[in-house]
Amino acid sequence: MSFEPRIIAFLCNWCTYTAADAAGVARMEQPANVDVIRVMCTGRIEPMFVLKAFAEGADGVIVSGCHPPGDCHYTSGNFKTFRRMPLLENLLAQFGIDDGRFHWGWISGAEAPKWAELARSFTEQVRGLGPLDWRAQIAGKEG
Amino acid sequence: MMDAGRHPNITLLTNSEVVNVSGYIGNYKAVIKKKPRYVNEELCVGCLQCIDGCTYKEAKFPDEFQMGLGKRKPIYLPFAQAAPQVVLIDPDRCIQLKTGKCKKTCAEACDRKAIDFEQKEETMEVAVGAIVVATGYQPFDASRLPYYGYGKYPNVYTALEVERLTSASGPTGGEVILRDGTHPKNVAVIHCVGSRDENTNRWCSRVCCMTSLKLAHLVRDHTGARVYNFYIDMRTPGKAFEEFYDKLLAEGVQFIRGRVAEVTDWAVKPEEEGKLIIRAEDTLAGVVRRIPVDMVILSTGLEPQADSAQVASIFGISRSAEGFFAEAHPKLRPVETNTDGVFLAGCAQAPRDVPDTVAHAGAAASMTIALLNRGEVTISPTVANVEEKLCSACKTCLSVCPYQAITFIADKNVATVNDALCKGCGTCVAACPAAAITGRHFSDEQIVAQIEALLREPTTAEGARP
Chain D
1437 MSFEPRIIAF LCNWCTYTAA DAAGVARMEQ PANVDVIRVM CTGRIEPMFV LKAFAEGADG
1497 VIVSGCHPPG DCHYTSGNFK TFRRMPLLEN LLAQFGIDDG RFHWGWISGA EAPKWAELAR
1557 SFTEQVRGLG PLDWRAQIAG KEG
Chain H
130 MMDAGRHPNI TLLTNSEVVN VSGYIGNYKA VIKKKPRYVN EELCVGCLQC IDGCTYKEAK
190 FPDEFQMGLG KRKPIYLPFA QAAPQVVLID PDRCIQLKTG KCKKTCAEAC DRKAIDFEQK
250 EETMEVAVGA IVVATGYQPF DASRLPYYGY GKYPNVYTAL EVERLTSASG PTGGEVILRD
310 GTHPKNVAVI HCVGSRDENT NRWCSRVCCM TSLKLAHLVR DHTGARVYNF YIDMRTPGKA
370 FEEFYDKLLA EGVQFIRGRV AEVTDWAVKP EEEGKLIIRA EDTLAGVVRR IPVDMVILST
430 GLEPQADSAQ VASIFGISRS AEGFFAEAHP KLRPVETNTD GVFLAGCAQA PRDVPDTVAH
490 AGAAASMTIA LLNRGEVTIS PTVANVEEKL CSACKTCLSV CPYQAITFIA DKNVATVNDA
550 LCKGCGTCVA ACPAAAITGR HFSDEQIVAQ IEALLREPTT AEGARP
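Note that the protein sequences, when read in sequence, are chains D and H. Letter by letter, the first sequence follows residues 1437 to 1579 in the working numbering. Letter by letter, the second sequence follows residues 130 to 595 in the working numbering.
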């Protein structure tokens, strides 16, 4: 059985979720590996959600929202993400999660092709890294 | 415009710019920069004596309204039906404003002493309940396509320029003449300049087929010239539009289906000397044609305004891929934006013709009035809520809220969310170190449940996702 990575994407309602929706409506080619969880704003995304996704068996996680500075529907939620995600990256490195498994960035509602491209390239990237199985890693160390 | 200017409930601020908007539906504050016009609007009655009195005896500066084909003075009325009927002074052209050394004959000519060279830019703040963004479009710059020769050959015009030539209030009084003053005998209209083109703008600008047909008809009517239309597809949806196209076909206007390759002055036959030569493929006949003409009309497409990104950020609205402002829903909410209380009208949202713009603007006005008359709004239940027992009074939430929707109640030593101000972004929910704030409909439990559900183990025999 070939490895099919499981990817969770946390997308903000106004920009990247809109782009992903438009990509679907336009029948753009996207892998089925990416599952989307919609939040109203990337500012809502707690680092815990990303860790939880890895702990539950995700091989990759995407966080994407509105382009800074001015695109955020809530004025400044994307800035909070801008500050939180680099800290989370450090934490993920300490937890032994490879760089290429976590992507955060910006895709506006008008950039449906960019979303489809990210879904494709990120899936391939994570596929290349192989299964993460982070829960087993943690259990192994604890045991 | 005149009616709007006279209406007691409408304040018309021309030559002004909204520079900042804050607040929310029903309670917006707009900061407006009113640029100086150097003429007191209260005193000026639009008699235009000052224009005659100007130190410049001849009008010598390109008139923007006439697309640069006519001339104006430094003091001028933008166009005949301008509202308000008040002149203004162009500070980049006026000798007094540039050097301070003018005889100020315009001020002498003004009986009402309306001219005020000391006028300064004013900034005002107005409280408004709703906003309609109707900033329009900009025409495609035809010089971006050098193979059509705009800017190189004087008799290559844009549709808007020829529109001025055919107008009775235009620079030639409605006479369609070339730069040398003669009437054209052969005219080419090139459709889709800056529309339906992978190299420039991919969208159909929607109005240019009819504009081209109208100009073809008017030019033929005014001069008796032979008119060739070069089109990709004729797009004439709309009441009586197809009939107008039929009428032109019957009139003998020539239609050639094919995109023009280039416009040159390179004559290879004697009859082409001194002419503009159109080279185009006639896709219906399957031949390449060379057609010498005297005048070329480029039917330029409609583009988003150059500063549309900046305007979108001021009003907190988004743009679609091509840069026009995005409506809340393409079919069901075409005048609303995703920001409550901000509406769209006209070509700022997408290219449209006059009847459609009037309908769109009417819808925006109706929605605005309905909103303001209702006096109250239904808000989304997606708001944040503080569990007072858990709140540790750290006030982190107060600093992250973009709407100042969270206040701190000193008596109870807890933070509280104002439901009317909260937009439900959830930034405070993520920031609360005590996990005392719940984002309704997007609670931690709900999101974690989604993560768990999406990642549950596969159940089918092949190991595929359930």
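Backbone N, C-alpha and C fix where the C-beta goes; we use that ideal spot for every residue, glycine too.
Contact with chain D by residue i, beta-carbon distance below 9 Å
{"i": "residue 521(H)", "result": "no"}
{"i": "residue 300(H)", "result": "no"}
{"i": "residue 432(H)", "result": "no"}
{"i": "residue 552(H)", "result": "yes"}
{"i": "residue 357(H)", "result": "no"}
{"i": "residue 241(H)", "result": "no"}
{"i": "residue 385(H)", "result": "no"}
{"i": "residue 372(H)", "result": "no"}
{"i": "residue 334(H)", "result": "no"}
{"i": "residue 455(H)", "result": "yes"}
{"i": "residue 529(H)", "result": "yes"}
{"i": "residue 556(H)", "result": "yes"}
{"i": "residue 473(H)", "result": "no"}
Residue-chain proximity (residue i, chain H), Cβ-Cβ < 9 Å
{"i": "residue 1510(D)", "result": "yes"}
{"i": "residue 1505(D)", "result": "yes"}
{"i": "residue 1546(D)", "result": "yes"}
{"i": "residue 1492(D)", "result": "yes"}
{"i": "residue 1543(D)", "result": "no"}
{"i": "residue 1475(D)", "result": "yes"}
{"i": "residue 1463(D)", "result": "no"}
{"i": "residue 1457(D)", "result": "no"}
{"i": "residue 1521(D)", "result": "no"}
Local Cβ density within 10 Å of residue i, reported as buried at 16 or more and exposed below that
{"i": "residue 538(H)", "result": "exposed"}
{"i": "residue 1575(D)", "result": "exposed"}
{"i": "residue 541(H)", "result": "exposed"}
{"i": "residue 469(H)", "result": "buried"}
{"i": "residue 585(H)", "result": "exposed"}
{"i": "residue 215(H)", "result": "buried"}
{"i": "residue 252(H)", "result": "exposed"}
{"i": "residue 1439(D)", "result": "exposed"}
{"i": "residue 1450(D)", "result": "buried"}
{"i": "residue 579(H)", "result": "buried"}
{"i": "residue 196(H)", "result": "buried"}
{"i": "residue 1547(D)", "result": "buried"}
{"i": "residue 608(H)", "result": "The question about residue 608(H) has no answer here: the residues shown for chain H are numbered 130 through 595."}
{"i": "residue 458(H)", "result": "exposed"}
Same chain only: Cβ atoms within 6 Å of residue i, ignoring 5 sequence neighbours per side
{"i": "residue 1473(D)", "result": "1446"}
{"i": "residue 329(H)", "result": "323"}
Alpha carbon of residue i to alpha carbon of residue j, nearest angstrom
{"i": "residue 425(H)", "j": "residue 319(H)", "result": "7 Å"}
{"i": "residue 356(H)", "j": "residue 384(H)", "result": "8 Å"}
{"i": "residue 312(H)", "j": "residue 260(H)", "result": "47 Å"}
{"i": "residue 1441(D)", "j": "residue 1454(D)", "result": "24 Å"}
{"i": "residue 370(H)", "j": "residue 477(H)", "result": "23 Å"}
{"i": "residue 368(H)", "j": "residue 467(H)", "result": "31 Å"}
{"i": "residue 1545(D)", "j": "residue 555(H)", "result": "20 Å"}
{"i": "residue 499(H)", "j": "residue 141(H)", "result": "21 Å"}
{"i": "residue 545(H)", "j": "residue 443(H)", "result": "29 Å"}
{"i": "residue 1484(D)", "j": "residue 568(H)", "result": "15 Å"}
{"i": "residue 403(H)", "j": "residue 394(H)", "result": "7 Å"}
{"i": "residue 1489(D)", "j": "residue 1528(D)", "result": "12 Å"}
{"i": "residue 560(H)", "j": "residue 1551(D)", "result": "27 Å"}
{"i": "residue 410(H)", "j": "residue 206(H)", "result": "45 Å"}
{"i": "residue 1501(D)", "j": "residue 226(H)", "result": "48 Å"}
Nonlocal neighbours in the same chain, by C-beta distance under 8 Å from residue i, ignoring five residues either side
{"i": "residue 1558(D)", "result": "1443, 1470, 1496, 1498, 1539"}
{"i": "residue 1579(D)", "result": "Bear in mind that the predicted position of residue 1579(D) carries a pLDDT of just 45, short of 50, making it unreliable; the figure below should be weighed with that in mind. Once the five neighbours on either side are set aside, residue 1579(D) has no close Cβ partner at all."}
{"i": "residue 1512(D)", "result": "1479"}
{"i": "residue 232(H)", "result": "184"}
{"i": "residue 441(H)", "result": "447, 448, 454"}
{"i": "residue 1475(D)", "result": "1446, 1447, 1448, 1449, 1481"}
{"i": "residue 599(H)", "result": "Because chain H spans 130 through 595 in this model, residue 599(H) falls outside it and cannot be assessed."}
{"i": "residue 412(H)", "result": "386, 387"}
{"i": "residue 145(H)", "result": "161, 162, 163, 164"}
Nonlocal neighbours in the same chain, by C-beta distance under 7 Å from residue i, ignoring five residues either side
{"i": "residue 298(H)", "result": "209"}
{"i": "residue 235(H)", "result": "179, 182, 183, 204, 244"}
Proximity test, residue i beta-carbon vs the ligand FMN heavy atom, cut-off 8 Å
{"i": "residue 308(H)", "result": "For the ligand FMN, the structure offers nothing, since it holds no ligand at all."}
Per-residue contacts from residue i into chain A (C-beta, under 7 Å)
{"i": "residue 1439(D)", "result": "Of the chains in the structure shown, none is chain A; the protein chains are D and H."}
Q: Check whether the segment 266-279 of chain H touches the segment 167-180 of chain H, counting contact only when three or more Cβ pairs, one atom from each stretch, lie closer than 8 Å.
A: In this structure the segment 266-279 of chain H does not touch the segment 167-180 of chain H; the number of beta carbon pairs closer than 8 Å is below three.
**Q.** Validate contact between the segment 295-314 of chain H and the segment 349-367 of chain H using beta carbons, cut 8 Å, 3 pairs
**A.** In short, these stretches touch, since the Cβ pair count reaches three.
Q: Determine contact between the segment 417-435 of chain H and the segment 1517-1533 of chain D, defined as no fewer than three beta-carbon pairs at a distance below 8 Å.
A: No contact exists between the segment 417-435 of chain H and the segment 1517-1533 of chain D.
**Q.** Given 8 Å, three or more beta-carbon pairs between the segment 550-565 of chain H and the segment 495-512 of chain H
**A.** The segment 495-512 of chain H and the segment 550-565 of chain H touch, with three or more beta-carbon pairs separated by less than 8 Å.
Q) Counting pairs of beta carbons, one from the segment 333-347 of chain H and one from the segment 275-285 of chain H, are three or more of them closer than 8 Å? A) Between the segment 333-347 of chain H and the segment 275-285 of chain H there are fewer than three C-beta pairs closer than 8 Å, too few to call the two in contact.
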